[in-house]
Amino acid sequence: PAHRQTVMHVRANFSYDPADDPYLPCRELGLAFQKGDILHVLSQDDPNWWQAYKDGDDDNQRLAGLIPGKSFQQQRETLKKTTTERNPDNPGKLWYTKKIKKPRKKSFYNPSRNVESYTEDVLTYEEMTLYHQAGNRKRPIALIGPAHSGHDDLRQRLLSVEPGRFAGAVPHTTRSPRAHELNGREYHFVSRSNFEADVAAGKFIEYGEYERNLYGTSVDSVRQVANAGRICLLSLHTRSLCVLRSSNLKPYVIFIAPPPPDQLRTLLSKEGKNLQSEDLKEVTQKAREMEQNYGHLFDAVVVNSDEDMAFFQLLRLIEKLDTQPQWVPSSWLC
Ligand code: 5GP
Numbered sequence: 325p326a327h328r329q330t331v332m333h334v335r336a337n338f339s340y341d342p343a344d345d346p347y348l349p350c351r352e353l354g355l356a357f358q359k360g361d362i363l364h365v366l367s368q369d370d371p372n373w374w375q376a377y378k379d380g381d382d383d384n385q386r387l388a389g390l391i392p393g394k395s396f397q398q399q400r401e402t403l404k405k406t407t408t409e410r411n412p413d414n415p416g417k418l419w420y421t422k423k424i425k426k427p428r429k430k431s432f433y434n435p436s437r438n439v440e441s442y443t444e445d446v447l448t449y450e451e452m453t454l455y456h457q458a459g460n461r462k463r464p465i466a467l468i469g470p471a472h473s474g475h476d477d478l479r480q481r482l483l484s485v486e487p488g489r490f491a492g493a494v495p496h497t498t499r500s501p502r503a504h505e506l507n508g509r510e511y512h513f514v515s516r517s518n519f520e521a522d523v524a525a526g527k528f529i530e531y532g533e534y535e536r537n538l539y540g541t542s543v544d545s546v547r548q549v550a551n552a553g554r555i556c557l558l559s560l561h562t563r564s565l566c567v568l569r570s571s572n573l574k575p576y577v578i579f580i581a582p583p584p585p586d587q588l589r590t591l592l593s594k595e596g597k598n599l600q601s602e603d604l605k606e607v608t609q610k611a612r613e614m615e616q617n618y619g620h621l622f623d624a625v626v627v628n629s630d631e632d633m634a635f636f637q638l639l640r641l642i643e644k645l646d647t648q649p650q651w652v653p654s655s656w657l658c
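In full-length UniProt numbering, each residue's number is its place in the sequence shown (first place is 1) plus 324.
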């Protein structure tokens, strides 16, 4: 059959199982997909049920099926949340009359948010475009993972193996320079008031306080590395992903997942670290939470069950950024 024109490409920010969807007009017609999958949309003639097929099934468009349309999905998820999340202090009362949902992080919680703004939080689809990295402007790479997943060690190893190719961003700090340190080399040394003004202006991807001094990584310092033709390697908390992605740096996000607890125990004991069972389980639990809340923002996942293998897998992924176009949000290319 002749290939049909695609209307758009989207990344699914939620997982979908047609067998679980009572609204689907005909279950056999549904297309199952996982959070993070790229879907090629063939038709949006019916706003409630788009026709799409999964990336990778390209030679097989007959595997196309129905997926919920964006606004349809948004509406029913909003409805589900507002009617099922009840106020624990007063179970008879629905959350939405008081507070829509518990804030993930206090600092980001804005009590003036109402139902309308809440619908933006419902994860549906993001429109994507194929993007080929410009040769002289390398995409920064953010390594994400729970403590003990080894993402910091992998980052250090990349930096030390190919210092001409990879670099860290020069951080800012409010502490005073030590004897051998140069402004702009080890750190950008700034006053607390300047640092705070830059934080308020949204110039930092992340920052924190250590021994009564502020430290942080600015968007500009990452851009400097990219402009110099090197790959900036960042090790970040999940909470920094949104700021990083809203910059125009086109970051590539790799999640370093820990192996199952038993394997992790063996791996860590080789490094002389002996974790208790509860701590090992906590690493797994933390990784699961990160994938649940931020998994849609990960471009790739590397399971670190062996440091050498994980390292070479990382190198291969990074190589692909130069050789193959990658899906990025269409909004990045406007
Ligand atoms: P030092 O003052 O010895 O150079 O660094 C002390 C600590 O500052 C480091 O161990 C690290 O925890 C923190 N630090 C350094 N750079 C950054 C940064 O860019 N962001 C954050 N959040 N902390 C940093």
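The beta carbon of each residue, even a glycine, is placed where N, CA and C say it ideally should be.
Computed from a predicted structure; not experimentally measured.
Relative to the ligand 5GP, the nearest heavy atom lies less than 7 Å away from the CB of E530. Nearest to Q637 by C-alpha distance, out of I580, T647 and L604, is I580. Under DSSP, the beta-bridge partners assigned to S367 are Q375. In this chain, H456 is not harboured by any alpha helix (DSSP H), its DSSP state being neither H nor E.
H496 sits away from H472, with the two beta carbons spaced by 8 Å or more. Around the beta carbon of H456, a 10 Å sphere encloses fewer than 16 other beta carbons of the protein chains shown; the residue is thus reported as exposed. In this structure, G540 has its CB closer than 7 Å to one or more heavy atoms of the ligand 5GP. Collapsing the DSSP output to three states places R335 in a strand. Between R479 and E530, the alpha-carbon positions lie close to 17 Å from each other. Nearest to S601 by C-alpha distance, out of K527, P585 and T330, is P585.
For the pair L387 and Y377, the Cα-to-Cα distance works out to about 6 Å. The beta carbon of D361 sits closer than 6 Å to those of A336 and K378, all from its chain and outside the five residues before and after it, given in chain order.
A straight-line Cα-Cα distance of about 10 Å links E451 and H364. One thing to note: A493 has its Cβ within 8 Å of the Cβ of V546. Checking the 7 Å criterion, the Cβ of P495 is within range of a heavy atom belonging to the ligand 5GP. CA-to-CA, the gap between N551 and K605 works out to about 41 Å. Burial state of G488 is exposed, judged by a 10 Å Cβ sphere holding fewer than 16 other Cβ atoms.
Pairing R463 with F635 gives a Cβ-Cβ distance that is not under 8 Å.
Remark: the shortest separation between the CB of R499 and any heavy atom of the ligand 5GP falls under 7 Å.
CA-to-CA, the gap between V625 and G553 works out to about 25 Å. DSSP places T647 in the uninterrupted alpha helix (DSSP H) bounded by E631 to T647.
In the three-state scheme derived from DSSP, where H, G and I count as helix and E and B as strand, G619 is classed as helix. For V625, the uninterrupted beta strand (DSSP E) segment begins and ends at A624 to V627.
A direct Cα-to-Cα measurement between Y340 and H475 gives close to 30 Å. Residue burial annotation: Y449 is buried, with at least 16 other C-beta atoms found within 10 angstroms of its C-beta.
At a threshold of 7 Å, Y534 counts as near the ligand 5GP, since its beta carbon sits closer than that to one of the ligand's heavy atoms. Distances from the CA of D522 to each of P470, P371 and L538 were compared; the closest alpha carbon is that of L538.
Ranked by Cα distance from K574, the options L592, S593, A343 and D623 are led by D623. Positions of the beta strand (DSSP E) runs, each at least 3 residues long and wholly inside the stretch 447-498, are given as 449-455 and 465-468 in order along the chain. Taking 8 Å as the cut-off, the beta carbon of R400 is found no closer than this to the beta carbon of L366. Of the candidates H561, R563, G532 and V627, the residue whose Cα lies closest to the Cα of L588 is V627. Secondary structure note for C658: it is in no alpha helix (DSSP H), with a DSSP letter that is neither H nor E. Taking the CA atoms as reference points, F396 sits about 16 Å from L355.
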